[in-house]
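Residue numbers (my numbering), protein chains in the order written: chain A, -9 to 877; chain B, 72 to 308.
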């Protein structure tokens, strides 16, 4: 092995890490240096070495060395075996393309030099430089783990179910980390008892994955008994789908059926929207977890044959200075890793990240939340859904390795100190350029009608993708055909691997050649795994043996419905903390998010009409994103917004749901979105639902979702739950994210939140001053939003008043417009939080008054040329507000 | 008038080719997106313009634009040099600019595009001020606004004044952010060659083709359109 070291003259990474180390209290550290390492296998001639040097080294800013210079205390970091290393893949590919055949293997790594040598180097490495879940660390020369030529594994084991006692079955479930409960294990046993045989490990793992909370949403389908004896016949059916069914909107084209919800856009297009979470992986490996979270939700949208056009993300962390319990990464590290992971995937996919939020609450210290959303566009009705008998089962995209095994079952458990070492294989790093190839291929394959069905490989891998597609028709596949990253995988590992960047298609036999030609244009690898058979059976082979033979009906419908009990607790009154305005503006939940958001590309594809920041100084926060979807005619736009409030969730989950829906709707209306075309998505992140109070909170939140959706006429079109967000019994606050999608009549007339001109009237629209806090939404709210929407042509700025109340909204509008504002706002109303409230700057008062006749609105004050915010009792200069908000 | 044909190169990871094509079409050219393997054995001089669009070619795995540059240098060096020598308009945007620089096609002296001084990727709007009248893409243009979206855009000449600056970052009035977003030498945003037919720039003029794309459009301001730059290029094709 030969090692090339590259050293940059002035490396911004070194500065950032040095500052990070000082923040963590490594006061003795005087200097930190970073060097890039490239490892090569094979005998390299001097000519080859020189060519590699030319390939890798920037002659202006870097110097290259083949020896290993001394200096400082050395920490070397490489990826662990099996973790995707896109750099190494590209390096090897390009070395071969350049004719450097002597290079047999390549790997990448990083060397850090600490000055002076640190007694606590190991702690520094763990806290800042490496993550042992994916990295191997050495305090001398590191040797990357070359994947050895392991022999192909044919081992299929029998899992012994027959004749086992209930206790033994539960023990078995724990040992195999299958997250199946006693009743489910008994159902499996009974099924195989009738067949007169034990399942193979492939069958057992397939069932565990298909029946996992992650894939089957057992809690959301369970019969729930409440303390008063009443029952809920499944949260999904009784509340979420029920609202959609009852609202019966003709423009909802698909809800809760496909990988993403779909609504009509104009006459000829449809928009698809999906929001996923990737919490458990992000807790263990923040970069990889967030990275593959974005990758996964983009594939969901590809899975409805749509062209992904935008990404959203909502991130919940502990405040940076929170003390992390043992076995948990420090909050700052989690945040930086997650942000870098979102940045890496979204930017490299060429998708704009346009909407989201960043929240800080100590309850997320061990369980950060990473919500990733994706919006897509497709010609109306172009998504084919039914595989036919005789179609090929084709996998496209990345190769399969041992990455991400059992991710579906892992995310269906709570976490403890051991989780990070046991679950190492659940975590992956993405390779966005491979997925970019898929994105380019799918839209063209759809237009040329090259497939009858498509789905993504997410949790559960091929097992889930092929299993789902074959659920009616049946399929017969050969695992030996699956292209592997390296040999040595057992059949069940190939079948269950959650290796990223793969899609499965049902391809008519006469279209295969054309699909192959298309794939080669974009560097995508297509492989035929087998056939859809038409006999309703799922058969999986490995070389010459049948390793799985399951009845699709049992696989998909055989899981017994859970019966759970819930206790609804007495709600606590919601009381935001008592703070001054500048304290609110300084709170990381309210303060400017530019440090995070500017790291995402919001402009790529050229369709972003309203960006995360706008205004006089281009730094005012906006309420929602407005897009002109790629390739659509006319001025019609799409609006993306969200609502979330975990602080309220801690007190009153029912009210949280009402407010979250209201906030999402209000944000959309504030930028000019149509209140009568709003579709919403639910994403519940919760603790362990086996605890009756936790489940009671969930029941209340779902009830709130139903009430709010009906109230606003906004149907749910998709949703997802992430449960078991607990660490050593400590749960996150109940956190419901509502994401909204609506239409904007004209992208040339988007309303922004920055004040425009001195002398304009400013109104409080919605819940009046002094209104008490109620456990309901005001009955006039839908009419108000409709009225405001019609009056938008006389509005010059509009901003929702949510966290921190009217005073915070007013300060943000001043900052956005670099203008002053005088409001008749009494002190006790500065930071009161109420739903259905907007601050509106109006240029034509008479017309506005007329439009809002009979609806609650009150003139509160006027914009000022003087740069200051004057409330009834107190005045702040714009500079004071800015200083706090950007601190 | 005959529409010039524009060759828009594509590598795995390229992602702003669509906007480059939209800009070229609006400016009166006929763009064609072609990936390099499709160009083996073909003459580039069938095209009147050459555009290398933005993105993350080959994931920028070994540094921004480097692998794309390697591919260009190894298999297509004569074609690129021939196109430049023929005086036809050549435009490298963001990742395309990085590929031209890392491939040694631009500028004529030794220079690089290093990681941003701020340490990471940044996306925001900037104002661009044309400099001098050598470059056919920027000659006679007014200042215009467009976004940047890059992590490695700090232009650094190896030594002295390279004498090739065609665009600089200027102050967008009222903007709270510093004019220079990445620490580039003398606020350099774009550079040209001695003939003036090649322009490489980090910002994205192709993302400002319509007034509604400007972040101050709601304030009745839209700055100059990036489209002007494409019109100038097409005029000279």
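Don't be surprised by glycine CBs; every beta carbon is placed ideally from N, CA and C.
Since the model is a prediction, treat every value here as computed from it, not as a measurement.
> To which residues of the same chain is residue 860(A) closer than 6 angstroms at the C-beta, ignoring the five residues directly before and after it?
Replying inline: Counted from its first residue, the first chain places residue 860(A) at position 870. 812, listed in sequence order.
> Which residues in chain A sit within 7 angstroms of residue 138(B), going by Cβ to Cβ distance?
Replying inline: Walking along the second chain from the start, residue 138(B) turns up at place 67. The contact set of residue 138(B) on chain A, defined by CB atoms closer than 7 angstroms, consists of 80 and 84 in chain order.
> In whole angstroms, what separates the C-alpha of residue 548(A) from that of residue 369(A)?
Replying inline: If you number the first chain from 1, residue 548(A) lands on position 558. If you number the first chain from 1, residue 369(A) lands on position 379. Roughly 37 angstroms between the two C-alpha positions.
> So, residue 615(A) versus residue 600(A), is the Cβ gap smaller than 9 angstroms?
Replying inline: The residue you call residue 615(A) lines up with position 625 of the first chain. The residue you call residue 600(A) lines up with position 610 of the first chain. For residue 615(A) and residue 600(A), yes; Cβs fall inside 9 angstroms.
> By the 10 Å Cβ neighbour count, where 16 or more other Cβ atoms means buried, how is residue 56(A) classified, buried or exposed?
Replying inline: Mapped onto the first chain, residue 56(A) falls at position 66. Classification for residue 56(A): exposed.
> Which residues, in chain order, does the stretch 540 to 574 of chain A contribute to contact with chain B at a C-beta distance below 9 angstroms?
Replying inline: none
> For residue 80(A), which residues does DSSP report across the bridge?
Replying inline: Position 90 of the first chain, counting from 1, holds the residue named residue 80(A). Partner(s): none; residue 80(A) has no beta bridge.
> Along the stretch 111 to 128 of chain B, what residues have a CB closer than 9 angstroms to any CB found in chain A?
Replying inline: With the criterion set as a beta carbon lying under 9 angstroms from some beta carbon of chain A, the members of the stretch 111 to 128 of chain B are 125, 126, 127 and 128, in sequence order.
> Which class does residue 767(A) belong to by DSSP, given the choice of helix, strand or coil?
Replying inline: Working through the first chain from its first residue, we reach residue 767(A) at position 777. When secondary structure is reduced to three states using DSSP, residue 767(A) falls in the coil class, being assigned neither helix nor strand.
> Interface residues of chain A around residue 192(B) at Cβ under 7 angstroms?
Replying inline: For the purposes of this step, residue 192(B) is taken as residue 121 along the second chain, with counting starting at 1. The contacting residues are 333, 337 and 589.
> Using a beta-carbon distance below 9 angstroms, is residue 255(B) in contact with chain A?
Replying inline: The count along the second chain starts at 1 and reaches residue 255(B) at position 184. For residue 255(B), the answer is no, since every Cβ of chain A falls outside 9 angstroms of its Cβ.
> Would you say residue 858(A) reaches chain B, if we count a Cβ-Cβ gap shorter than 9 angstroms as a contact?
Replying inline: Sequence index remark: in the first chain, residue 858(A) carries index 868 (1-based). By this cut-off, residue 858(A) is not an interface position.
>> Check whether chain B comes within 9 angstroms of residue 878(A), counting only Cβ atoms and requiring the distance to be less than that.
In response: Here chain A has residues from -9 to 877 only, and residue 878(A) is not among them.
> Taking 9 angstroms as the CB-CB cut-off, is residue 99(B) touching chain A?
Replying inline: Counting from 1 along the second chain, the entry for residue 99(B) is found at position 28. Taking Cβ atoms only, chain A never reaches closer than 9 angstroms to residue 99(B), which makes this a no.
> Whose C-alpha, out of 350(A), 480(A), 346(A) and 447(A), is nearest the C-alpha of residue 657(A)?
Replying inline: One-based indexing of the first chain puts residue 657(A) at position 667. Ranking the options by Cα distance to residue 657(A), first place goes to 346(A).
>> Quick check: what's the CA-CA separation for residue 168(A) versus residue 182(B)?
In response: Stepping through the first chain from its first residue, residue 168(A) is reached at position 178. Stepping through the second chain from its first residue, residue 182(B) is reached at position 111. Distance between the alpha carbons of residue 168(A) and residue 182(B): 56 angstroms.
> Which same chain residues, not among the five before or five after residue 266(A), have their C-beta less than 7 angstroms away from its C-beta?
Replying inline: Position 276 of the first chain holds residue 266(A). If we look at residue 266(A) and ignore the five residues flanking it on each side, its Cβ neighbours are 283, 286, 287, 290, 362 and 710.
>> So if I threshold CB-CB distances at 9 angstroms, which residues from the stretch 256 to 284 of chain B count as touching chain A?
In response: 275, 277, 278, 279, 280, 281, 282, 283 and 284
> For residue 637(A), which beta-bridge partners are listed by DSSP?
Replying inline: Position 647 of the first chain, counting from 1, holds the residue named residue 637(A). Per DSSP, none; premise fails for residue 637(A).
> Along the chain, where does the alpha helix (DSSP H) that runs through residue 290(A) open and close?
Replying inline: To locate residue 290(A), count along the first chain from 1; it is residue 300. Segment 276 to 292, the alpha helix (DSSP H) holding residue 290(A).
> Among 225(B), 284(B) and 276(B), which one has its Cα closest to the Cα of residue 946(A)?
Replying inline: One cannot answer for residue 946(A) here, as it falls past the ends of chain A, which runs -9 to 877.
> Excluding five sequence neighbours on each side, which residues of the same chain lie with their C-beta closer than 7 angstroms to the C-beta of residue 744(A)?
Replying inline: For the purposes of this step, residue 744(A) is identified with residue 754 of the first chain, where counting begins at 1. Excluding sequence neighbours, residue 744(A) sits near 604, 605, 606, 610, 787, 803, 806 and 807.
>> Measuring CB atoms only, is the stretch 238 to 250 of chain A touching the stretch 325 to 335 of chain A, in the sense that at least three cross pairs come out at less than 8 angstroms?
In response: no
>> According to DSSP, is residue 80(B) part of a helix, a strand, or is it coil?
In response: Along the second chain, one-based indexing puts residue 80(B) at 9. Three-state result, residue 80(B): strand.
> Within 9 angstroms (strictly less), CB to CB, does residue 145(B) reach chain A?
Replying inline: Against the second chain, residue 145(B) aligns to sequence position 74. Yes, contact with chain A.
>> Counting only Cβ pairs nearer than 9 angstroms, list the residues of chain B close to residue 303(A).
In response: Position 313 of the first chain holds residue 303(A). The premise fails here: residue 303(A) is roughly 14 angstroms from chain B at the closest Cβ pair, so nothing lies under 9 angstroms.
> Thinking C-alpha only, which one of 664(A), 608(A) and 718(A) is nearest residue 290(B)?
Replying inline: For the purposes of this step, residue 290(B) is taken as residue 219 along the second chain, with counting starting at 1. Nearest option by C-alpha distance: 608(A).
>> Less than 9 angstroms between the beta carbons of residue 159(B) and residue 116(B), yes or no?
In response: Walking along the second chain from the start, residue 159(B) turns up at place 88. Walking along the second chain from the start, residue 116(B) turns up at place 45. Cβ distance < 9 angstroms, so residue 159(B) and residue 116(B) count as in contact.
>> Quick check: is the beta carbon of residue 750(A) nearer than 9 angstroms to any beta carbon in chain B?
In response: Numbered from 1 along the first chain, position 760 holds the residue referred to as residue 750(A). Closer than 9 angstroms: no.
> With 16 other CB atoms within 10 Å as the buried threshold, where does residue 33(A) fall?
Replying inline: Taking the first chain and counting its residues from 1, one reaches residue 33(A) at position 43. Residue 33(A) should be labelled exposed.
>> Is there a C-beta anywhere in chain A that falls below 9 angstroms from the one on residue 250(B)?
In response: Here the question's residue 250(B) lines up with position 179 in the second chain. No, residue 250(B) does not count as interfacial toward chain A.
>> Can you tell me which residues form a DSSP beta bridge with residue 387(A)?
In response: Within the first chain, the letter at position 397 stands for residue 387(A). Beta-bridge pairing links residue 387(A) to 492(A).
> So what does DSSP say about residue 379(A), is it helix, strand or coil?
Replying inline: Along the first chain, read from residue 1 onward, the residue named residue 379(A) stands at position 389. Note: residue 379(A) maps to coil in three-state DSSP.
>> With distance defined between alpha-carbon atoms, name the residue in 662(A), 810(A) and 76(A) nearest to residue 335(A).
In response: The residue given as residue 335(A) occupies position 345 in the first chain. For residue 335(A), the nearest C-alpha among the options comes from 76(A).
> When DSSP builds the beta bridges, which residues end up paired with residue 520(A)?
Replying inline: By 1-based counting over the first chain, the position of residue 520(A) is 530. In the DSSP output, where bridge partners are listed per residue, residue 520(A) has 383(A) and 467(A).
>> With distance defined between alpha-carbon atoms, name the residue in 630(A), 664(A), 761(A) and 714(A) nearest to residue 728(A).
In response: Translated into positions along the first chain, residue 728(A) becomes position 738. Selected option, being the one with the closest Cα: 630(A).
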